[in-house]
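To start, the structure itself, in structure tokens.
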Ligand SMILES: [Zn+2]
């Protein structure tokens with residue numbers, strides 16, 4: 008193995024004397040065959056139906072001279088099926104140096120590196136496909152150790168120069184992992200559908216201070232190479248996107264009396280830490296008020312880290328270490344309520360977590376709802392109503408930018424392989440808030456709904472959940488068993504009625520189960536082919552072309568041609584039409600030509616659906 012191991016190095020191959028070093032590492036072979044995406048989360052390639060991480064241990068060094076993190080990521084995993092012989096891991100912006108599998112009995116490591124392959128996805132980063140030496144039974148444990156070195160393409164890390172910091176004497180690094188960037192900090196099964204505990208030893212040169220979204224143990228000073236190793240652990244299971252690191256010239260100040268659970272971290276000094284602590288003097292009251300409205304706070308302490316001004320968001324709810332922009336420190340405490348939002352995430356988001364990024368509203372909609380309840384108690388109902396009004400304006404602005412006929416304007420955006428960041432906006436926050444407000448109004452009293460939210464948090468504590476979308480109708484299995492063509496048509500009608508919620512993954516599963524693409528019944532083709540064109544299921548396209556060429560019945564032709572034109576495939580529609588126009592009846596030629604050559608607006612059905620949704624949720 009091409010590892011560097013010199014003298015006092017703590018992490019194999021990772022660093023010596025405070026600097027990362029790397030030997031010539033044979034690169035892992037690339038494959039052009041995409042592995043299946045995660046069955047619970049289209050934004051990850053982790054084979055989470057087969058194997059899940061229950062704990063990870065990160066041993067890493069943060070090197071400011073190269074703006075790189077290097078180290079060993081150890082994944083303790085459980086097989087979810089008999090015969091597990093492959094693991095797929097997400098990574099981005101790093102070189103994988105080695106992949107080791109640990110024998111569960113002897114503890115010895117086997118080097119799997121040369122057998123691994125990687126698949127690169129422009130939106131989601133890379134999938135590392137690891138063929139295992141051993142085969143695992145369901146519920147048995149396995150351990151993988153991946154050695155890696157990040158590069159400047161990593162999307163989670165911001166590396167700041169001295170000049171970009173507040174005190175201007177040391178460099179600074181912080182991460183932003185939500186939604187899919189934890190895979191650039193270390194290799195992970197990077198999906199919110201998986202939650203795990205963790206431990207970490209992070210080393211940096213003195214006098215840098217390291218903070219993580221976990222509990223701290225006493226650091227170890229390594230006198231021989233002028234570094235310090237900071238030790239952290241997190242017993243409460245978290246999704247990978249809540250893993251966070253900040254390294255810089257950092258100091259801590261406790262806020263409030265001896266009973267207070269709150270602290271603030273930032274660069275030291277009267278102008279910074281002391282001023283921030285003064286502005287955030289009510290932090291513990293906010294935590295107590297939110298806890299009183301919700302259920303007991305499970306995380307222990309609550310700390311806000313005020314980042315340098317380049318932090319791209321207002322706040323990020325990393326457990327035990329909320330990241331916040333210094334723009335919330337105005338001087339008159341007028342923006343401190345932003346902290347209420349991050350505190351409320353301790354329940355919805357961090358304890359009960361959305362299973363995938365289409366369900367982000369389960370994090371953000373609930374959290375905005377709770378934030379405004381607490382704000383109303385502290386500042387009066389008019390304050391919360393004004394927030395809701397401002398939120399509604401922002402919501403409409405975002406929906407106009409996206410367009411009203413795209414799912415990105417809906418509570419449940421369909422990603423279809425896009426980076427989930429593309430769909431992030433005020434929609435999950437404000438539409439989620441409005442939806443929950445609507446439900447609250449259907450209850451007898453607001454107290455009933457508050458009890459529901461408390462029960463919901465307790466019932467789903469430390470899990471990742473979904474409320475529909477990629478899960479097919481509840482009686483889906485009955486339809487799969489059915490061979491009756493009428494039942495298939497009824498099923499497809501239901502799918503078409505909710506087609507904006509249908510993903511390629513669902514369509515592929517239905518096709519695998521029902522073979523709709525190969526179905527000779529034209530009544531099925533009439534529904535199936537437009538659906539496959541709409542969601543971009545390319546496998547059915549050749550059959551769709553055959554469908555409009557072997558028969559010329561208008562009822563069957565029109566939906567397919569309309570679907571092509573509506574979904575940006577007018578050229579394809581034109582080409583198919585040219586090939587078949589001598590075969591079609593003149594009436595059909597006129598009708599299809601009108602669809603192909605003239606613009607026509609989205610179907611009436613789509614418009615009705617949008618207006619119905621608006622009546623309900625606005
Ligand atoms: Zn939030």
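Numbering (my numbering), first residue to last: 8 to 625. For each residue, glycine too, the CB sits at the ideal point set by N, CA and C.
Inter-residue spacing [alpha-carbon to alpha-carbon] between residue i and residue j
| i | j | result |
| --- | --- | --- |
| residue 379 | residue 390 | 8 Å |
| residue 363 | residue 194 | 19 Å |
| residue 169 | residue 293 | 33 Å |
| residue 37 | residue 199 | 26 Å |
| residue 6 | residue 407 | In the structure as shown, the chain starts at 8 and stops at 625, and residue 6 therefore has no counterpart that could be examined. |
| residue 230 | residue 425 | 47 Å |
| residue 599 | residue 564 | 8 Å |
| residue 523 | residue 96 | 33 Å |
| residue 226 | residue 58 | 33 Å |
| residue 261 | residue 309 | 10 Å |
| residue 274 | residue 317 | 14 Å |
| residue 163 | residue 453 | 40 Å |
| residue 103 | residue 233 | 27 Å |
| residue 222 | residue 267 | 17 Å |
| residue 272 | residue 314 | 9 Å |
| residue 228 | residue 214 | 10 Å |
| residue 210 | residue 217 | 8 Å |
| residue 387 | residue 381 | 9 Å |
| residue 498 | residue 46 | 22 Å |
| residue 307 | residue 376 | 23 Å |
| residue 415 | residue 436 | 13 Å |
| residue 586 | residue 556 | 8 Å |
| residue 500 | residue 534 | 7 Å |
Residue i classed as buried or exposed, judged by whether at least 16 other C-beta atoms fall within 10 angstroms
| i | result |
| --- | --- |
| residue 575 | exposed |
| residue 84 | buried |
| residue 623 | Legend: pLDDT at residue 623 = 35, less than 50; position of this residue unreliable, no value from coordinates given. |
| residue 197 | buried |
| residue 153 | buried |
| residue 249 | buried |
| residue 94 | buried |
| residue 527 | exposed |
| residue 336 | buried |
| residue 440 | buried |
| residue 181 | buried |
| residue 494 | exposed |
| residue 594 | exposed |
| residue 265 | exposed |
| residue 476 | Its pLDDT being 46, under 50, residue 476 is placed unreliably in this model, and the value from its coordinates should be taken loosely. Buried. |
| residue 374 | buried |
| residue 278 | exposed |
| residue 566 | buried |
| residue 404 | exposed |
| residue 129 | exposed |
| residue 207 | buried |
Spatial neighbours of residue i in its chain, beta-carbon cut-off 6 Å, leaving aside the 5 residues before and after
| i | result |
| --- | --- |
| residue 224 | 238 |
| residue 150 | 83 and 109 |
| residue 81 | 64 and 152 |
| residue 369 | 361 |
| residue 472 | 362 |
| residue 496 | 530 |
| residue 333 | 313 and 316 |
| residue 1 | Any question about residue 1 goes unanswered here, given that the chain covers just 8 to 625. |
| residue 492 | 528 |
| residue 392 | none |
Cβ neighbours of residue i in the same chain (closer than 7 Å, five flanking residues each side left out)
| i | result |
| --- | --- |
| residue 27 | 21, 68, 70, 73, 75, 77 and 156 |
| residue 605 | none |
| residue 428 | 186 |
| residue 626 | Residue 626 lies beyond the stretch modelled for the chain, which goes from 8 to 625, so this question has no answer here. |
| residue 469 | 202, 243, 244 and 358 |
| residue 343 | 286, 287, 289 and 335 |
Neighbourhood of residue i by C-beta distance below 8 Å, restricted to the same chain and skipping five residues each side
| i | result |
| --- | --- |
| residue 48 | 55, 198, 199, 200, 362, 363 and 364 |
| residue 338 | 286 |
| residue 450 | 456 and 459 |
| residue 423 | 49, 510, 511, 542 and 543 |
Can you find at least 3 beta carbon pairs, one from the region 236–251 and one from the region 125–139, that sit closer than 8 Å?
-> no
Inspect the CB distances between the region 513–521 and the region 391–411 and report whether three or more fall short of 8 Å.
-> no
Contact between the region 168–186 and the region 445–453 (3+ Cβ pairs under 8 Å) | no
The region 578–587 contacting the region 539–557, beta-carbon criterion three pairs below 8 Å | yes
Do the region 311–327 and the region 335–349 meet, that is, are 3 or more Cβ pairs less than 8 Å apart?
-> yes
Answer yes if the region 248–265 comes into contact with the region 326–340, meaning at least three C-beta pairs across the two stretches below 8 Å, and no otherwise.
-> yes
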